[in-house]
Amino acid sequence: MDMIKIAAIGLVAGIFSIVIRKTNPELSVIIGLSTGVIILVMTLDYLKEAVDFIRDFAEKYSGVYGGVALVLKIIAIAYICEFSVQVLKDGGESAIASKVELGGKLLIAVMILPLLSGFVELVVSIL
170 MDMIKIAAIG
180 LVAGIFSIVI
190 RKTNPELSVI
200 IGLSTGVIIL
210 VMTLDYLKEA
220 VDFIRDFAEK
230 YSGVYGGVAL
240 VLKIIAIAYI
250 CEFSVQVLKD
260 GGESAIASKV
270 ELGGKLLIAV
280 MILPLLSGFV
290 ELVVSIL
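In terms of our numbering, the numbers along the sequence shown are unbroken and rise by one, the last being 296.
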(Lines of atoms letter the chains of each structure in order from A and count residues from 1; the text may use other names and numbers.)
(Lines give C-alpha, C1' and ligand atoms only; values in the text may rest on other atoms or scores of the structure.)
Protein backbone atom coordinates (compact mmCIF):
# COMPACT_ATOMS: atom_id res chain seq x y z
CA MET A 1 0.00 0.00 0.00
CA ASP A 2 2.88 2.37 0.72
CA MET A 3 4.17 1.92 -2.81
CA ILE A 4 0.85 3.18 -4.16
CA LYS A 5 1.15 6.27 -1.94
CA ILE A 6 4.74 6.85 -3.03
CA ALA A 7 3.86 6.43 -6.71
CA ALA A 8 0.85 8.74 -6.37
CA ILE A 9 2.89 11.45 -4.65
CA GLY A 10 5.60 11.11 -7.29
CA LEU A 11 3.15 11.31 -10.19
CA VAL A 12 1.21 14.27 -8.79
CA ALA A 13 4.41 16.15 -7.96
CA GLY A 14 5.86 15.32 -11.37
CA ILE A 15 2.81 16.61 -13.23
CA PHE A 16 2.67 19.68 -11.02
CA SER A 17 6.37 20.32 -11.60
CA ILE A 18 5.98 20.02 -15.38
CA VAL A 19 3.08 22.49 -15.39
CA ILE A 20 4.89 24.98 -13.13
CA ARG A 21 8.23 24.67 -14.97
CA LYS A 22 7.04 26.85 -17.86
CA THR A 23 6.24 29.84 -15.66
CA ASN A 24 8.51 29.36 -12.65
CA PRO A 25 11.46 26.98 -13.12
CA GLU A 26 12.85 27.66 -9.63
CA LEU A 27 9.62 26.50 -8.01
CA SER A 28 9.72 23.39 -10.18
CA VAL A 29 13.13 22.48 -8.76
CA ILE A 30 11.87 23.05 -5.21
CA ILE A 31 8.87 20.80 -5.90
CA GLY A 32 11.18 18.05 -7.16
CA LEU A 33 13.55 18.28 -4.21
CA SER A 34 10.74 18.44 -1.64
CA THR A 35 9.04 15.44 -3.19
CA GLY A 36 12.29 13.50 -2.95
CA VAL A 37 12.60 14.37 0.74
CA ILE A 38 8.95 13.43 1.41
CA ILE A 39 9.38 10.06 -0.29
CA LEU A 40 12.64 9.47 1.58
CA VAL A 41 10.92 10.21 4.91
CA MET A 42 8.09 7.83 3.96
CA THR A 43 10.62 5.02 3.45
CA LEU A 44 12.61 5.55 6.66
CA ASP A 45 10.80 2.73 8.50
CA TYR A 46 11.76 0.30 5.74
CA LEU A 47 15.28 1.66 5.76
CA LYS A 48 15.50 1.01 9.51
CA GLU A 49 14.36 -2.60 8.98
CA ALA A 50 16.95 -3.06 6.24
CA VAL A 51 19.73 -1.59 8.38
CA ASP A 52 18.76 -3.87 11.29
CA PHE A 53 18.79 -6.90 9.00
CA ILE A 54 22.15 -5.93 7.54
CA ARG A 55 23.60 -5.37 11.02
CA ASP A 56 22.38 -8.81 12.18
CA PHE A 57 23.66 -10.43 8.99
CA ALA A 58 27.07 -8.81 9.38
CA GLU A 59 27.33 -9.89 13.02
CA LYS A 60 26.30 -13.45 12.16
CA TYR A 61 28.66 -13.98 9.23
CA SER A 62 31.57 -11.62 9.87
CA GLY A 63 33.49 -14.39 11.61
CA VAL A 64 33.04 -16.73 8.66
CA TYR A 65 33.79 -14.15 6.02
CA GLY A 66 35.37 -10.91 7.13
CA GLY A 67 34.37 -9.12 3.95
CA VAL A 68 30.66 -8.95 4.80
CA ALA A 69 30.96 -5.61 6.59
CA LEU A 70 33.05 -4.22 3.74
CA VAL A 71 30.53 -5.35 1.12
CA LEU A 72 27.72 -3.76 3.11
CA LYS A 73 29.67 -0.49 3.35
CA ILE A 74 30.20 -0.54 -0.41
CA ILE A 75 26.47 -1.07 -0.98
CA ALA A 76 25.68 1.84 1.36
CA ILE A 77 28.14 4.09 -0.48
CA ALA A 78 26.54 3.15 -3.80
CA TYR A 79 23.03 4.00 -2.58
CA ILE A 80 24.08 7.28 -0.97
CA CYS A 81 26.01 8.25 -4.08
CA GLU A 82 23.09 7.40 -6.38
CA PHE A 83 20.60 9.37 -4.27
CA SER A 84 22.92 12.39 -4.17
CA VAL A 85 23.54 12.25 -7.91
CA GLN A 86 19.81 12.10 -8.67
CA VAL A 87 19.08 15.06 -6.38
CA LEU A 88 21.82 17.08 -8.04
CA LYS A 89 20.58 16.19 -11.52
CA ASP A 90 17.04 17.16 -10.52
CA GLY A 91 18.43 20.49 -9.36
CA GLY A 92 20.11 21.03 -12.71
CA GLU A 93 23.62 20.51 -11.37
CA SER A 94 24.71 17.69 -13.67
CA ALA A 95 28.37 18.78 -13.60
CA ILE A 96 28.52 18.44 -9.82
CA ALA A 97 26.50 15.21 -10.04
CA SER A 98 29.08 13.67 -12.34
CA LYS A 99 31.86 14.59 -9.89
CA VAL A 100 29.95 13.02 -6.99
CA GLU A 101 29.41 9.92 -9.12
CA LEU A 102 33.11 9.73 -9.98
CA GLY A 103 34.03 10.18 -6.31
CA GLY A 104 31.69 7.34 -5.33
CA LYS A 105 33.11 5.04 -7.99
CA LEU A 106 36.68 5.78 -6.92
CA LEU A 107 35.85 5.22 -3.26
CA ILE A 108 34.20 1.90 -4.07
CA ALA A 109 37.16 0.87 -6.24
CA VAL A 110 39.60 1.59 -3.41
CA MET A 111 37.43 -0.20 -0.85
CA ILE A 112 37.10 -3.32 -3.00
CA LEU A 113 40.88 -3.84 -3.28
CA PRO A 114 41.15 -5.92 -0.06
CA LEU A 115 38.31 -8.16 -1.26
CA LEU A 116 39.96 -8.57 -4.63
CA SER A 117 43.26 -9.41 -2.96
CA GLY A 118 41.59 -12.01 -0.74
CA PHE A 119 39.83 -13.54 -3.74
CA VAL A 120 43.09 -13.83 -5.70
CA GLU A 121 44.80 -15.43 -2.68
CA LEU A 122 41.94 -17.94 -2.40
CA VAL A 123 42.17 -18.86 -6.09
CA VAL A 124 45.96 -19.23 -5.90
CA SER A 125 45.69 -21.45 -2.82
CA ILE A 126 43.16 -23.70 -4.57
CA LEU A 127 45.39 -24.06 -7.62
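Glycine residues also receive a C-beta, built at the ideal position from the N, C-alpha and C atoms.
Predicted model, so just to flag it, every value in this text is computed and none were measured.
Cα-Cα separation between residue i and residue j, rounded to whole angstroms
i      : j      : result
Leu271 : Val198 : 24 Å
Ala227 : Gly236 : 9 Å
Gly183 : Leu285 : 42 Å
Ile265 : Leu257 : 7 Å
Asp214 : Asp171 : 11 Å
Ser263 : Phe185 : 22 Å
Tyr230 : Val292 : 21 Å
Ile295 : Lys274 : 31 Å
Val289 : Pro283 : 10 Å
Under 7 Å between C-beta atoms of residue i and residue j
i      : j      : result
Gly179 : Asp259 : no
Ile243 : Met211 : no
Ile207 : Ile175 : no
Leu241 : Ile223 : yes
Nearest neighbour of residue i, chosen from the options [CA to CA]
i      : options                           : result
Ile249 : Ile187, Ser294, Thr204 and Ile277 : Ile277
Thr204 : Val292, Val181, Asp225 and Val188 : Val181
For the 8 Å Cβ check, are there 3 or more pairs between the segment 217–232 and the segment 175–194? no
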